[in-house]
Amino acid sequence: MGLFHIAYIVGNVEEAFLEKCKAQLSDKRVTYIPLAKMHTIEEDTFSHFMVSGLLEEIKEVIRYREIHGGSLGIIPLPEQKNLIRTFALSSSFEENISLACEPAERKIDLLYCNGELVIQEVVIGDVPPLDTYDTVLRNQNIFKRIKLFFHTLRKVRRLRHTRVTLTDENEKEVKVSAVGLVGMEYHNGTFASKLIAPQINATDGKLSLLIMAPVSMLQYVGYLFHALVSRWKQEYLPRSLGYVRSSRLTVETERPLGVLVDSSVRFETPVRLRSTKESLRLSVGETFWEKQGSDVQGKNSVKIDHLPGDEESATYLAKAIPLFSHASREQYASLFSSLREESRLGSTFMVLLILATMIATFGLFINSSSVIIGAMLLAPLMQPIVSLSMGVLRQDSTLELFAAKTIAVGVLSVLLTAAAIAGFIPIEKMTPEMAGRLSPTTLDLFVAIASGMAAAYAKSNEKITGSLAGVAIAVALVPPIAVAGIGLGWSEWHMFSSAFLLFLTNLVGIVFAAALTFMVLGYSPIRIARRGIFTWLMISALVAIPLYHSFEKMKENIAIQKTLANIHLTLHKQEVELSHIQLIQRNEILEVRCEVIASGILSPEEKKLLKEVVEKSIGKKVEVIATFRYRL
Numbered sequence: 013m014g015l016f017h018i019a020y021i022v023g024n025v026e027e028a029f030l031e032k033c034k035a036q037l038s039d040k041r042v043t044y045i046p047l048a049k050m051h052t053i054e055e056d057t058f059s060h061f062m063v064s065g066l067l068e069e070i071k072e073v074i075r076y077r078e079i080h081g082g083s084l085g086i087i088p089l090p091e092q093k094n095l096i097r098t099f100a101l102s103s104s105f106e107e108n109i110s111l112a113c114e115p116a117e118r119k120i121d122l123l124y125c126n127g128e129l130v131i132q133e134v135v136i137g138d139v140p141p142l143d144t145y146d147t148v149l150r151n152q153n154i155f156k157r158i159k160l161f162f163h164t165l166r167k168v169r170r171l172r173h174t175r176v177t178l179t180d181e182n183e184k185e186v187k188v189s190a191v192g193l194v195g196m197e198y199h200n201g202t203f204a205s206k207l208i209a210p211q212i213n214a215t216d217g218k219l220s221l222l223i224m225a226p227v228s229m230l231q232y233v234g235y236l237f238h239a240l241v242s243r244w245k246q247e248y249l250p251r252s253l254g255y256v257r258s259s260r261l262t263v264e265t266e267r268p269l270g271v272l273v274d275s276s277v278r279f280e281t282p283v284r285l286r287s288t289k290e291s292l293r294l295s296v297g298e299t300f301w302e303k304q305g306s307d308v309q310g311k312n313s314v315k316i317d318h319l320p321g322d323e324e325s326a327t328y329l330a331k332a333i334p335l336f337s338h339a340s341r342e343q344y345a346s347l348f349s350s351l352r353e354e355s356r357l358g359s360t361f362m363v364l365l366i367l368a369t370m371i372a373t374f375g376l377f378i379n380s381s382s383v384i385i386g387a388m389l390l391a392p393l394m395q396p397i398v399s400l401s402m403g404v405l406r407q408d409s410t411l412e413l414f415a416a417k418t419i420a421v422g423v424l425s426v427l428l429t430a431a432a433i434a435g436f437i438p439i440e441k442m443t444p445e446m447a448g449r450l451s452p453t454t455l456d457l458f459v460a461i462a463s464g465m466a467a468a469y470a471k472s473n474e475k476i477t478g479s480l481a482g483v484a485i486a487v488a489l490v491p492p493i494a495v496a497g498i499g500l501g502w503s504e505w506h507m508f509s510s511a512f513l514l515f516l517t518n519l520v521g522i523v524f525a526a527a528l529t530f531m532v533l534g535y536s537p538i539r540i541a542r543r544g545i546f547t548w549l550m551i552s553a554l555v556a557i558p559l560y561h562s563f564e565k566m567k568e569n570i571a572i573q574k575t576l577a578n579i580h581l582t583l584h585k586q587e588v589e590l591s592h593i594q595l596i597q598r599n600e601i602l603e604v605r606c607e608v609i610a611s612g613i614l615s616p617e618e619k620k621l622l623k624e625v626v627e628k629s630i631g632k633k634v635e636v637i638a639t640f641r642y643r644l
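Now the structure itself:
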């Protein structure tokens, strides 16, 4: 018996390939044995085995060597790219020959599915693109990546959840709702193996099972875009995926799912997966060992807490994956109870609102932004508005009625309180803080929409409920009503209507955006939500009409300010220019408030001439309210 006598098991290979191998192995002691005669050889005759052939033939030799012991090397066929990638073999034929001839010292685990050996992966159900090899993206430009993204996206429509029960070797059960699963033992270059790379180890006797369970189309599309289009490295497991590591797993499903072993259709669920620890000495590439996961210690691990597992989720996901996620019954009950309580009119609400109104009104009179911000934080008016948005979304007339009543009473209280304060204070001077709330535009509507989204999101997540204070500051509900109340107290109807329009803008934008956000977060199916969403979309469109007019007016005022700022004239040898220009519309009269910088004291005639120059520059009659600064 020769010490380095090698048995080369030859399967279905082309004659040219075999001749090429023989030429490379001419200096070694090799016996070529057809696969059909492998079971007739005497084990003691050979110290090492090699194999070439189809994947199924290679598997047969691997099982034979597992039973009889000893080392094995694989000389892959050129087209066996996946096999080469899985065992980190070389793209060079000569290097693969050299590696296959060297007896391996280290052993690797083997994975079986229903008794059948798995080299690359076992796919249960539908898991696009987890079963795709990342080489499809190699050297691809962004346009080809996007094309692949949309090609994979077409498969989404057929995805359906089913209840899955996983039982490990200790008879511990895990139940989850999923569309598919991928089992693997090695890093094989697929998207699945890359996602849980730190958990995969070829020598710990544990298999890894990746579970795909998207709860919404948006969630799945987000992962798909990240995987196929974005070039950013995925540093965390997407929320639509979970995994289980164990030495044995039984996979049972409510409806039968197709099972593919190494890309070939084999059978349907249920299946039994098992990993045999360090069963084979296989000659693999050096990088194979470098890829072994460092986060594992031979223990079972489960990460599925974020996946749908309750009966309610499993039932609706089995019909179709919705566009938006669906909030659980517990989530909905908790939020709805809170919103229903906040929609009711109570003494605490009224006391806080009136105090906030007083603070805001005084802050407007003394032109203090910090005082007004304090009033924004104190005012509880945001609560019934968010409750109204949920009533609109769920078509809950009771919740809508309570919330609308609370808002109406609250707004009336603010108006009357502010009007009363304005009547008592013997000062009728509009401050910049008041004037700043008299020209609402479409930009204010956008602010309200963004604030409504933030309010709904913060309200649905207890961890960030404190962010509602920031939303209250951003949208400022009470100050514009207080300005409207001051206008009421002064009998300034333009002031009242302009400020109240700003409040209506905030109200409509918040209700529409919050309802839409709650729908996206899964608190109502689209078929129920669409009526309320459409109604408030139309209301938002109606409110946007005067806002657009105001926006155009703002653009016109900015142009006027630029024109006036460029005025440099000489009045009877006095050099004059304008700065700090403000435009305020009072009923039909445009007030131009500015600072006039002159080289000398202006006479009444020169001031009159200045007004004429201003009117000529902007093409309309104005009232100039100026303060003078002289360069003597």
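Per our numbering, the sequence shown starts with residue 13, numbered consecutively.
Backbone N, C-alpha and C fix where the C-beta goes; we use that ideal spot for every residue, glycine too.
Quick caveat: nothing in here was measured; it's all calculated off a predicted structure.
So, under 8 Å CB-CB, residue i and residue j are touching, yes? Tell me the CB distance rounded to an integer number of Å.
i	j	result
T179	L269	Actually they do not touch by this definition, with Cβ atoms about 16 Å apart.
S182	N94	Ser is not the amino acid found at residue 182; the sequence shown has Asn there. So it is not a contact: roughly 33 Å between Cβ atoms.
V490	A372	5 Å
H592	E607	4 Å
V383	F374	7 Å
Alpha carbon to alpha carbon, what distance is there between residue j and residue i?
i	j	result
K403	S380	For clarity, residue 403 is Gly in the given sequence; the question names Lys instead. About 36 Å.
F58	H17	5 Å
P226	A416	37 Å
L400	L450	26 Å
P444	A434	16 Å
N108	D39	16 Å
G499	M507	5 Å
L272	A112	28 Å
P140	A332	16 Å
R243	F348	Low confidence applies here, because R243 scores a pLDDT of 48, under 50, leaving its location unreliable; read the following figure in that light. If you take the alpha carbons of R243 and F348, they lie about 41 Å apart.
M50	A19	9 Å
T299	A460	55 Å
I570	W502	28 Å
Q395	F414	12 Å
R284	A204	20 Å
M13	V42	Residue confidence is low: M13 scores 39 on pLDDT, short of 50, so the model does not pin down where it sits. Its coordinate-derived value is still stated next. So the alpha carbons of these two residues sit roughly 12 Å apart.
F61	F29	18 Å
R641	L376	27 Å
Q343	S350	11 Å
H561	L516	16 Å
R406	S325	19 Å
M465	K623	47 Å
I538	I439	53 Å
Counting only the same chain and skipping the five closest in sequence on each side, list residues whose C-beta sits under 6 Å from that of residue i.
i	result
V73	I21 and V63
L319	V188, A225 and G254
T429	I366 and T369
R293	S83, A116 and K119
Q573	I593
K715	Absent from the structure is residue 715, since the part of the chain shown begins at 13 and ends at 644.
Q132	N94, T98, N200 and D274
Of all the options the options, which has the alpha carbon lying nearest to the alpha carbon of residue i?
i	options	result
T327	E117, V176 and G137	V176
V191	F161, G254, R286 and G234	G254
E264	T281, V277 and V271	T281
S110	L122, R97 and I86	I86
R605	Q92, M442, I545 and M550	M442
V233	I158, D274, L261 and S276	I158
F279	S409, V135, G375 and M196	V135
L193	K184, R172, V426 and A387	R172
A387	A488, K303, D456 and S425	A488
V626	I613, N578 and E600	N578
L559	P90, T202, V520 and I540	V520
I493	A553, A420 and F105	A420
L230	R169, L411, G137 and F361	R169
G137	K167, H163 and L595	K167
L123	E78, Q92 and L101	E78
Spatial neighbours of residue i within its chain, please: C-beta separation below 7 Å, excluding the five flanking residues on both sides.
i	result
L528	I545
L549	F524
Looking only at its chain, what residues have a beta carbon closer than 8 Å to the beta carbon of residue i, apart from the 5 residues adjacent to it on each side?
i	result
L533	F336, S337, A339, A468, Y469 and S472
How about residue i: is its Cβ closer than 6 Å to a heavy atom in the ligand SAM?
i	result
Y469	For the structure depicted, the ligand SAM is absent and the ligand set is empty, with no information on it obtainable.
Notebook entry, point to check: Is there contact here, the segment 58 to 73 with the segment 21 to 31, by at least three beta-carbon pairs under 8 Å?
Noted result: Yes: the two stretches touch, three or more of their Cβ pairs being nearer than 8 Å.
* With contact counted as at least three CB pairs below 8 Å, one residue from each stretch, are the segment 38 to 55 and the segment 127 to 139 in contact? -> Remark: fewer than three beta-carbon pairs, one from each stretch, lie closer than 8 Å, so the segment 38 to 55 and the segment 127 to 139 are not flagged as touching.
Margin query: Across the segment 610 to 623 and the segment 573 to 590, are there enough close Cβ pairs to call them in contact, namely three or more that are closer than 8 Å?
Written below: Touching, per the Cβ criterion.
| message | Check whether the segment 208 to 221 and the segment 277 to 296 touch, using three or more Cβ-Cβ pairs below 8 Å as the test. | response | Look at the beta carbons and you see the segment 208 to 221 touching the segment 277 to 296: at least three pairs across the two are nearer than 8 Å.
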